[in-house]
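Remarks on the structure that follows.
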Amino acid sequence: MDSSLRKLYPWFTFLGLLIGGLVLAAFYKDQHREWKDWQHQYFKDEIARAATPEQRADAARLTLDVRQIVVPELDRVDRCTSCHLAMEDPSYAGYPQPLAYHPNHDRHPFNKFGCTICHQGQGRATTRDAAHGYVEHWDHPMLDMNYIQSACAKCHLPSDLPGAPLLARGRTVFEDSGCIGCHKLNGSGGVIGPELDKVGANRSPEWLLKHFKNPALVTPGSAMPPIKATDADLNALTLYVLSFTGEPLSAYYVSMKTIPGPQAGRRLFAEKGCIGCHSVGGKGGTVGPALDEAAKRHDVQWISAHFRNPVAVSPGSVMPQYNFNEQEIRALTEFLLSLTETNFVGFMRVPALMTAVERGKATYRKYGCAGCHGPDGQGGVPNPNAKTAQQVPGLKFVSEGYTRDELKKRILDGQREIPSMDAKRPPAPLYMPPWRGKIAEGELSDLTDYLMSLTPKGEKVDF
Amino acid sequence: MLNRLWKTFRSSQVGRSIFRVGLPESNLERAQVAVSSFFLHFQPAKVHRRSLKFRTTLGLGLISLYLFLILIATGVLLMFYYVPATDYAYQNMKDLEFVVTAGQVLRNMHRWAAHLMVLFVALHMCRAFYTAAYKPPRQFNWVIGVGLFLMTLALSFTGYLLPWDQLAFWAITVGTSIAGYAPLIGQKLKFLFLGGHVVGESALIRFYVLHVIVLPLVAIMLIAVHLWRVRKDGGLARPGAAQPAQEDFAPAQVPVTKTYGLMELARGATPAVGVNPDEEVFTWPNLVFREILLFMATLAVVLVLAIFWNAPLEQIANPVHPPNPAKAPWYFLGLQELVAYSAFWGGVVVPGLLVTALIALPYIDRKPRGIGIWFAKERKVAITLFSVCLGAAVVLTVIGTAFRGPNWSFQLPWKPVAAAVEH
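Quick note, the sequences are listed as chains A and B, same order.
Once you know that position 40 of the first sequence is 40 in the working numbering, the rest is easy, because the numbers rise by one and skip nothing.
Once you know that position 137 of the second sequence is 600 in the working numbering, the rest is easy, because the numbers rise by one and skip nothing.
Next up, the structure:
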């Protein structure tokens with residue numbers, strides 16, 4: 001054979017060994033996966049914990065597998081249980097992760113919900129960092145447990161959820177702060193700031209929190225005034241805003257929102273005029289019994305049956321039969337139950353019982369006026385370069401400068417151009433949006449009454 | 464022991480039916496093996512000594528072929544997992560990474576081999592230019608080569624979309640919009656490629672079918688013709704080889720000095736004709752062994768890349784969130800850079816002229832000078848012109864790849880400018 005060929009032999013050997021080595025390396029890298037270590041660990045634990053020979057035999061039969069929960073309705077494949085193996089085993093309660101037991105899953109079975117619908121992260125991933133979402137190119141890392149209640153709002157109405165108090169609190173802060181005055185949510189709200197429909201999916205909790213404390217810090221040039229609230233309230237607000245994910249879910253999950261809860265019951269309660277005969281929180285009629293403690297006196301079956309036909313369970317009752325449908329009955333029952341649970345005076349305020357000024361105050365809150373004009377029209381919200389002392393004017397003294405009709409016109413038409421203090425600087429960012437077509441006639445009237453009532457008695461205008 | 468087993472097998476009825484010649488032991492058998500084996504018959508029984516020298520071609524064409532073979536092998540395996548639907552494509556990538564045995568390494572191999580193939584086909588083309596291998600009689604093989612270069616780009620570009628991540632989506636959006644700048648037919652062409660006005664489900668299925676069936680078939684055909692022509696045009700270009708006056712298929716008129724089989728007579732200028740036989744060596748084993756070594760080296764490099772570097776995968780495609788800047792695949796970034804100056808010049812004129820010039824090249828520059836010689840002095844003008852164009856393409860590509868930040872503004876690669884946060 002040609003001698004030139006001989007010098008090729010070492011190359012054959014070298015490259016052959018190199019390729020063999022590389023294939024082995026690739027195979028090792030592919031076979032060595034984090035979740036296998038955790039499963040081995042779990043198997044060992046299981047065998048060690050086995051008390052009887054049968055249990056030991058069961059433990060020994062466990063096989064190394066990628067475990068996954070496939071939820072086609074949520075378009076999810078969650079492989080979290082490949083490492084979190086003891087989710088459903090209460091005997092692992094209090095164990096360190098990943099082998100801890102997951103409490104409270106009786107109403108949210110894993111096979112129907114998976115994991116990432118609430119916790120976020122990357123369900124398909126099988127390494128710790130990738131699965132928890134702390135990797136590049138994954139936008140939804142696991143939700144901080146401090147904010148986990150925001151996930152409830154994907155399927156539930158925040159107001160109907162006694163189990164998620166922070167969510168309800170966040171909603172209150174959201175309404176009190178008047179966010180809706182500038183921002184649109186689910187199609188209603190102002191136009192000065194951006195829409196909030198998907199903001200929870202696009203922003204991190206840290207960003208939101210910073211933003212609420214000082215908007216211009218994270219969004220240079222933002223005209224939004226900082227939100228004045230306690231840290232706990234800002235946290236609750238962050239939690240609530242995180243729930244605006246705009247995630248389309250299938251009917252089964254969203255239907256939770258339409259299942260009548262206490263909120264719907266409260267509305268029915270007001271509409272049907274129950275307050276004419278019954279009292280709540282000391283207000284209302286005296287023909288029927290007070291309802292504050294009704295749920296303590298009777299069980300759920302009794303209350304439902306009572307709504308169906310009062311005489312059937314309460315002989316001699318003079319309460320008329322309303323022919324409620326089953327959904328309405330459920331809503332009203334939930335409402336009565338909630339009265340004993342929440343003992344929350346504002347919650348049971350029904351418009352019919354309120355004065356015009358009180359209703360106006362609710363309207364002020366509903367349309368987010370406080371976002372710019374401050375709580376109770378106190379003003380003080382900065383509006384750089386506005387002629388009015390670089391602030392959005394307060395409303396305490398509108399009664400001195402406007403008649404009722406002028407004030408109504410002003411609310412309906414708004415004011416796009418805000419006079420500048422210094423013509424050379426950019427115009428003031430905040431302006432009064434027109435509310436024509438958005439606010440109802442009755443609401444407008446109530447609001448005007450409320451605004452007129454703000455002037456403190458005996459104080460003089462001092463400007 | 465192994466040797467004995469092999470001999471027993473070879474002499475059995477089955478063995479004889481498979482291997483006509485067997486491992487050749489005499490020169491006659493070495494000649495026979497090249498002619499009678501399907502896989503070896505692309506090459507003549509004997510080749511010029513020069514063909515064995517690495518310096519002659521740097522192995523660039525073969526490396527391109529090997530990369531193509533690696534791509535076919537890994538690509539077919541990937542097809543078992545891939546569903547060309549926008550709902551599944553990205554999830555398939557995640558499954559390959561996280562649960563499919565060797566899925567990630569397969570995808571890495573496919574990705575890196577694809578990038579390498581674009582690179583090596585381009586280098587192979589440069590080699591053919593700088594050694595004047597496109598001069599008669601190899602003009603048309605150069606044209607086929609240009610076709611293969613375009614085919615490689617098309618294969619890589621169509622494959623780019625398939626993972627359906629942000630990188631894929633926006634690269635294809637940018638790439639096809641460059642095609643849209645062509646006058647008159649541009650927008651129609653774009654519509655034809657995408658099956659719509661934007662990248663979506665129909666674009667994905669179109670790119671998939673092109674990527675796994677149409678383009679590979681065309682490429683295989685062209686490669687077969689390309690290789691066949693190399694042989695029929697007298698093997699690798701080398702200085703002093705007899706230049707055929709015309710295509711001549713009549714064996715009787717050829718002064719045959721030496722033949723190894725009927726196939727050697729098919730053409731006037733066979734490597735064997737008019738050449739000192741001492742300069743010729745048997746293809747088996749001299750050439751074949753070297754070719755196998757080169758394949759092993761190519762495979763090793765691809766494996767190293769695939770083991771240590773993962774193929775990129777960004778967020779799932781999101782048509783309302785373009786990255787800033789959105790970039791085409793790297794081999795089109797030179798064009799995108801030009802498009803940034805002028806859509807018409809960068810998107811239409813320059814690429815059109817380049818392809819036309821490449822195709823016309825062997826018919827314009829046809830004086831038989833410097834054939835088979837690297838950077839022949841007699842070809843100063845041609846070499847300078849080509850080098851300037853090549854340099855410009857490289858510089859533009861590098862600028863587009865590394866020096867362009869948000870809004871296509873200039874940036875230094877080691878000091879990237881952060882994209883402005885959107886509100």
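Using N, Cα and C, we set each Cβ at its ideal position, and we do this for glycine too.
Note that the structure is a prediction, hence the values are computed from the model and not measured.
Taking a 10 Å sphere around the C-beta of B:W747, we find 16 or more other C-beta atoms and assign the residue as buried. In the three-state reduction of the DSSP assignment, A:R76 falls in the strand class. Boundaries of the beta strand (DSSP E) around A:I69: I69 to V71. Beta-bridge partners of A:M432 (DSSP): A:Q415.
Rounded to whole angstroms, B:I846 and B:V857 show a C-alpha spacing of 16 Å. Minimum Cα-Cα distance from B:Q778 among the listed residues B:P869, B:Q629, B:I836 and B:F561 corresponds to B:Q629.
Just measuring C-alpha positions, the residue of A:K409, A:P429 and A:R410 sitting nearest A:A386 is A:P429. One Cα belongs to B:L465, the other to B:S474, and the distance between them is close to 14 Å.
Counting only runs of 4 or more residues that sit fully inside the segment 476-524 of chain B, the alpha helix (DSSP H) segments are 476-481, 490-499 and 517-520, in chain order.
For B:V584, the enclosing alpha helix (DSSP H) starts and ends at G566 to Y593. At a cut-off of 8 Å between beta-carbon atoms, B:A565 makes contact with chain A. Close to B:R753, with beta-carbon spacing below 8 Å, are these residues of chain A in chain order: L8.
Counting C-beta atoms within 10 angstroms of its own C-beta, A:E293 has fewer than 16 neighbours from the protein chains shown and is therefore classed as exposed. Among the residues facing chain B, A:R308 is not included, as its CB has no counterpart in that chain under 8 Å away. Residues of the segment 758-790 of chain B with a C-beta atom less than 8 Å from some C-beta of chain A are M759, A760, L762, A763, L766, V767, A769, I770, L776, E777 and Q778, listed in chain order. For A:E34, the enclosing alpha helix (DSSP H) stretches over residues E34 to R49. When the alpha-carbon of B:G697 is set against those of B:K598, B:Q567 and B:G868, the nearest one is in B:K598.
Within the same chain, G121, P141 and M142 come within 7 Å of A:H132 by CB-CB distance, once the 5 residues on both sides are set aside. B:A585 is positioned such that its CB atom lies closer than 8 Å to that of B:F612. Going by C-alpha positions, B:E488 is about 32 Å away from B:F531.
Apart from the 5 residues on each side of it in sequence, A:D422 sits with its Cβ closer than 8 Å to the Cβ of N385 in its chain, given in chain order.
Annotated three-state conformation of B:V783 is coil, per DSSP. Across the set A:E441, A:H32 and A:V392, the C-alpha of A:V392 shows the shortest separation from the C-alpha of A:G371. Spanning the alpha carbons of B:G810 and B:R570 requires a straight line of approximately 31 Å. Taking all protein chains shown into account, A:H40 has fewer than 16 neighbouring C-beta atoms within 10 Å of its C-beta and is therefore exposed.
Among the residues of chain B, those whose CB is under 8 Å from the CB of A:I19 are M759, L762, A763 and L766, following chain order. Across the set B:V546, B:F505 and B:V672, the C-alpha of B:F505 shows the shortest separation from the C-alpha of B:R692. A contact is defined here as three or more CB-CB pairs under 8 Å, and the segment 53-66 of chain A fails this definition with respect to the segment 13-24 of chain A. In this structure, B:I641 keeps its C-beta atom at 8 Å or more from the C-beta atom of B:F501. The three-state secondary structure of A:E406, taken from DSSP, is helix. The beta carbons of B:V767 and A:L217 sit no closer together than 8 Å. The C-beta distance from A:L291 to A:V280 rounds to 5 Å, short enough to fall under 8 Å. Under the 8 Å criterion on CB atoms, A:K366 is classed as non-interfacial with respect to chain B. In the DSSP annotation of this structure, the continuous segment of the beta strand (DSSP E) that includes B:F745 starts and ends at E743 to F745. Contact annotation for B:L756 against chain A: L8, W11, F12 and L15 [CB-CB distance below 9 Å, chain order]. At a cut-off of 4 residues, the continuous stretches assigned as alpha helix (DSSP H) that sit fully inside the segment 174-211 of chain A are 199-202.
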